[in-house]
Structure formats: structure tokens, C-alpha cells
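Numbering (the working numbering), first residue to last: 2 to 483.
Backbone N, C-alpha and C fix where the C-beta goes; we use that ideal spot for every residue, glycine too.
Predicted model only: the values in this text are computed from it and were never measured.
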Amino acid sequence: MGFLNKLFGIIENGSEHGSMVDHMLEIVHWFMAVLFVGWSIYLVVAIWKGYHKRTPKANYHGIQSHASSHIEIGVIITEIILLMGFAFPLWANRVDQFPDPDVKIKALAEQFNWQFQYAGADGKLGATDRFQISSQNPAGIDPEDPNGWDDFISGSLTLPRGKKVEINVTSKDVIHNLALPVMRIAQDADPGKESRMWFIPTKVGKSEIICGQLCGPAHGNMRSVLEIVPDDKTFATWMGEQNLFGDSPVAQEVKKKLQASGRLPVPTAPAPATEPAAAPAPAAPATPAAAPAVTPAPVAAPPAPAPAPAPAVPEPAPAAAPGAPTAAPAPAVAPAAQNPPASTAAATPAPESSDEAKIELGVIPAAMKFDKPTLTVKPGQKVTLLFKNARCPLQHNFLLVKPGKLNEVGGLGDKMLTDPQAVAKHYIPSSPEIIAHSSKLIGIGQSDLIQFTAPTEPGDYPYLCTFPAHWRLMNGVLKVAP
Numbered sequence: 002m003g004f005l006n007k008l009f010g011i012i013e014n015g016s017e018h019g020s021m022v023d024h025m026l027e028i029v030h031w032f033m034a035v036l037f038v039g040w041s042i043y044l045v046v047a048i049w050k051g052y053h054k055r056t057p058k059a060n061y062h063g064i065q066s067h068a069s070s071h072i073e074i075g076v077i078i079t080e081i082i083l084l085m086g087f088a089f090p091l092w093a094n095r096v097d098q099f100p101d102p103d104v105k106i107k108a109l110a111e112q113f114n115w116q117f118q119y120a121g122a123d124g125k126l127g128a129t130d131r132f133q134i135s136s137q138n139p140a141g142i143d144p145e146d147p148n149g150w151d152d153f154i155s156g157s158l159t160l161p162r163g164k165k166v167e168i169n170v171t172s173k174d175v176i177h178n179l180a181l182p183v184m185r186i187a188q189d190a191d192p193g194k195e196s197r198m199w200f201i202p203t204k205v206g207k208s209e210i211i212c213g214q215l216c217g218p219a220h221g222n223m224r225s226v227l228e229i230v231p232d233d234k235t236f237a238t239w240m241g242e243q244n245l246f247g248d249s250p251v252a253q254e255v256k257k258k259l260q261a262s263g264r265l266p267v268p269t270a271p272a273p274a275t276e277p278a279a280a281p282a283p284a285a286p287a288t289p290a291a292a293p294a295v296t297p298a299p300v301a302a303p304p305a306p307a308p309a310p311a312p313a314v315p316e317p318a319p320a321a322a323p324g325a326p327t328a329a330p331a332p333a334v335a336p337a338a339q340n341p342p343a344s345t346a347a348a349t350p351a352p353e354s355s356d357e358a359k360i361e362l363g364v365i366p367a368a369m370k371f372d373k374p375t376l377t378v379k380p381g382q383k384v385t386l387l388f389k390n391a392r393c394p395l396q397h398n399f400l401l402v403k404p405g406k407l408n409e410v411g412g413l414g415d416k417m418l419t420d421p422q423a424v425a426k427h428y429i430p431s432s433p434e435i436i437a438h439s440s441k442l443i444g445i446g447q448s449d450l451i452q453f454t455a456p457t458e459p460g461d462y463p464y465l466c467t468f469p470a471h472w473r474l475m476n477g478v479l480k481v482a483p
């Protein structure tokens, strides 16, 4: 990166072709600097010479020198060199030929968020239909197209380093612009039309995705995260962690089709069930004495009447005290029947689980709210909270704050809109009023496990999402009560 690019604060390049863009920008900036200085000198000289006290009478002959014409010709020649020698070749390198991509993605824009459709293991993007778009199918993936059966939607963009990436960009509503500043590339998102762009990431890390086209009142909030992972293995691991199937009817229908086609294994749930069934089998040999009588189970009923005659002969019963040990196996069977309940009672760790609260919290996509406005825990209780975003295309986080601090922490979240490190911080502000928070922003199909200890002081503790402007709708109360 050149001197002027660094001086103007241009972020570091993270793509293979970005050095060409930076080189052209450096030349253009130097050319603009020369023009700025030259025209500034000309204006100062013109004002000084044209001061009314120095020239009280107008000069009707004008400029006699041809110096300005020569300067204008020089400017035109320089601009032709910039266009023909730098801009056109760079543009041709990007759009004349598209190489076969290693990763193919479709970017779908809408006011005011991004959705990224990833091709699954087959490497083919499924067809989309705008009439299929709904809250349960935000990208409008056609469930009848087999190519889309293994596709999934993400609210952020994750890519492997050193691989050719192709992104097809389109829009649901108005004109947007998918801008990846670190990759030195951007592409308009036009409704009803798909436009392609490609690049090769070279630098591992996280950066920001923005909308480069004014698209409405919340245009500044239309941001997402671009993460470049080091290798194919890490990328494959990330792909495997994504939620391919949600709870929607469309997802369940696709899941059945994948299983029917053999592209997704059918879970073998009955197999484990047979092993517990085999456990009672050893219990049958535990009563071999019943076998000599008769094998069928109904014969177990006749021994029951046998005790009935026993009362008819009460006297021999005491005399048979020495033979009582032979009768002892019969009572021993009764305790054996009681042993299983005892073992199950011992297997239930109720006292231990009472010390930990396991909570699941989701997001209502259409209303941009938590699906539970109120949560309840005990003072000092250990809390494991699973924060899930099943279908909302926006990104969210979770923060638990002290009582009465909702507006203060929410306002700090809004101020992060101008923080260049906001994406790296996951829009979590720094404040002593925060008790616990999520570890990341979660997009569609993502989740985060949050573990913390509930406050020991009973009360109402607000929780919220601090992505700018979300907290006004997306908040709730954690009630700490004995």
C-alpha cells in the first residue's frame, strides 16, 4: 500500500487482486493531489491579480497565453493513461472471464440485512423463487429442486483462504450494494436480476460487510461479518456446524427428500432401543425355579394359589421353620421386583439439577423480539442458556445487565455504529453494568451457549440485544426470585 493510501486510512488489502486496486488508487490520489495543488495556486494568483484596487478597469482582451490549454491537454492525456493503462485492464481481469469457483454463494439483500445461501456438498446452488419467500423460507429456496436440498442460509459470510469465491448478488426490494472493503470489491444488488462477482481471499480474519448504496432510513445498519478461515478443513468444520434443517415445514419436507434419495442417512433410532429390551432377558434366567413347572408365563399364576392353602395348615408353618430358608427365595423375588424402582430413583440426580437452570431462548423473526419476554431463576443459581436464531435473517447478541440499566447499555450499543471495531466486538459495548453476555453475533441457523451465575440479589434484571437499534424492541426480564 502506497504512502497516500496509508495517509488516508485505507484498510489493508485481503484479496489477491486487491494490490492492483491499491496501485491504481495510489496513482489516482497522487494525480488528484497535483491537480489540487495546481488549481489552488491558480486560484490564489487569479484572485491576487484580479483584486479591484490593482485593476480598477476591466480587461476585455482576456488571457493571451496558451499555457492553460497545454495544462488541459496534459490532464486529458493523463486521464486516458489511467483509464486505458490501469482501469480497463483491471476491470477486464475481473469481468471478462469467471473461473470455475471453489465456493459458490448467493447473496440476497433486503432492507436492511444480508442473507447468504451456501451450496451444500454437491457444490450447486438450488433454484429460488420469489413466490416461495416467507418467514420460514427467507431466501425462497425451491423445495422441488434437488440442487437446493443441501443448501443452507447464513446471516454472515465465512470463506476459506486461497480459494476462488463466486457470489451471485440480487435483491428482494430496492437497489443495494454488497461491499467488501477488505476484498476491494463491490457489486450492486438489483431486484429481479443476479450479478456476479469473484475474488480470492488471502488474509485470515474478520472484517465488515456493508451496503454501499443508500437504500432507506436504516441503511447504516445494513451490516454483516466476513470471516476468512485458514484452510479447507476449518471451512468444512464450519459448514458441518450449520443448521441445515430447521423446524419449518419446508425444511422437514426437504429433509425427507434427502433421506429418500440416500443423500442423507436415515437415523437408526430403533437399534438402541433393542439393547435396553435385551436387558430384561437376563432377568428371565434369574428365576430358573419357575422353569421346571411350565415354560409359559400363565403357569406363574398357579404358584399364587399355593400360598392360599398354606393358611389352611398354619401349624406346620411354624414347624417348618427350619425349612423356612427354602421359602426364603420366594420373598427374595419380591424385593428383586422392588429393586428396579430403587435403581431408577438413584439414577435421577434431582438435587444436583436443581442447582442449575437450563434455559433455551430464541428469536421471533417477524417481530424482532426474544421468544420469551420473561425468564426466572433462583439467586446464585448456575445458568446454562442456549441462545438460538432459527429463522431470523438479522444478527443478534444477548446481554444481561443490572436492574434499571436497560436504556444506558442500549444507548452504548447504538453508539457502536461509528466504532470501527464494532464487528470484532460483536456489538457488545464495554460497561460495568453488564453481568453476562454472548460470545458472538448469531445469524440465521446459528446458536451460542452462554453460561453464568445468576445474581444473588433478588430482582428484575433486563436482557437485550445491543446490535444498533435492536434493543428497543428486543429486550426482556430475568426474574431472580427464591
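Sequence-distant residues of its chain with Cβ nearer than 8 Å to residue i (five each side left out)
i	result
M369	C393, L395, H471, L474 and M475
S440	H427, D449 and I451
P485	The structure shown does not extend to residue 485, since the chain is modelled only from 2 to 483, so the question has no answer here.
T349	In this prediction, T349 scores a pLDDT of 39, lower than 50, which makes its location untrustworthy; the coordinate-derived value is nonetheless stated afterwards. So no residue of the chain qualifies.
D23	M2, G3, N6, I11, N14 and R185
Distance between residue j and residue i (C-alpha atoms, nearest Å)
i	j	result
G19	A34	22 Å
Q133	G124	22 Å
F468	G193	30 Å
E434	E228	30 Å
P218	G75	43 Å
G460	A190	48 Å
T129	R197	16 Å
A180	P161	18 Å
E493	D356	Since the first residue of the chain shown is 2 and the last is 483, residue 493 is not available in this structure.
A88	D174	31 Å
D420	V183	17 Å
E17	K234	21 Å
T454	C466	19 Å
W31	G39	12 Å
L386	W239	22 Å
I42	S69	13 Å
F9	R185	16 Å
I48	I64	15 Å
M223	A59	56 Å
P463	G221	26 Å
S66	L44	17 Å
E111	A261	34 Å
S135	H177	20 Å
Q98	I142	28 Å
S157	V46	54 Å
W115	A140	10 Å
S432	L479	19 Å
I11	G121	35 Å
Q422	M85	38 Å
Chain-order list of residues whose beta-carbon lies under 7 Å from that of residue i (same chain, five-residue window excluded)
i	result
I443	F388, N390, Q396, H397 and D449
A437	L401, I451 and F453
E409	E434
G213	N178, A180 and A187
Residue-chain proximity (residue i, chain B), Cβ-Cβ < 9 Å
i	result
A358	Here there is only one protein chain, and chain B is not present.
Same chain only: Cβ atoms within 6 Å of residue i, ignoring 5 sequence neighbours per side
i	result
A358	V378, Q382 and V384
P456	V481
P374	G477
Q188	V170, L179, S196 and M198
F236	P161 and V230
K406	E434
S148	Correcting the residue type first, residue 148 is Asn in the shown sequence and not Ser. These residues qualify, in order along the chain: K125 and G127.
Q243	F153 and G446
P483	none
Rounded Cβ spacing between residue i and residue j (contact assumed at less than 8 Å)
i	j	result
K165	P102	5 Å
G414	Y428	6 Å
I451	F399	6 Å
F113	I106	Incorrect: roughly 20 Å between the Cβ atoms, too far for contact.
K207	V424	6 Å
V226	I211	Not a contact, Cβ separation roughly 11 Å.
M417	P404	Not a contact, Cβ separation roughly 23 Å.
Three or more C-beta pairs closer than 8 Å, one from the stretch 70–88 and one from the stretch 170–178: is that the case here?
-> no
At least 3 beta-carbon pairs within less than 8 Å: the stretch 54–73 vs the stretch 16–31 | No: fewer than three Cβ pairs fall under 8 Å.
At least three beta-carbon pairs within less than 8 Å, the stretch 84–94 to the stretch 149–160 | Touching, no, given that fewer than three Cβ pairs across the two stretches are closer than 8 Å.
Along the chain, which unbroken stretches of the beta strand (DSSP E) at least 3 residues long are found entirely within the stretch 56–131?
-> 104–111 and 114–119
Beta strand (DSSP E) segments (min. 3 residues) lying fully within the stretch 137–193 = 153–155, 158–161, 166–172, 177–181 and 186–190
Could you tell me which uninterrupted beta strand (DSSP E) segments, each at least 3 residues in length, are contained entirely in the stretch 347–433, listed from first to last along the chain?
-> 357–362, 375–378, 383–390 and 400–402
Complete alpha helix (DSSP H) runs within the stretch 3–37 (minimum length 4 residues, chain order) = 4–8
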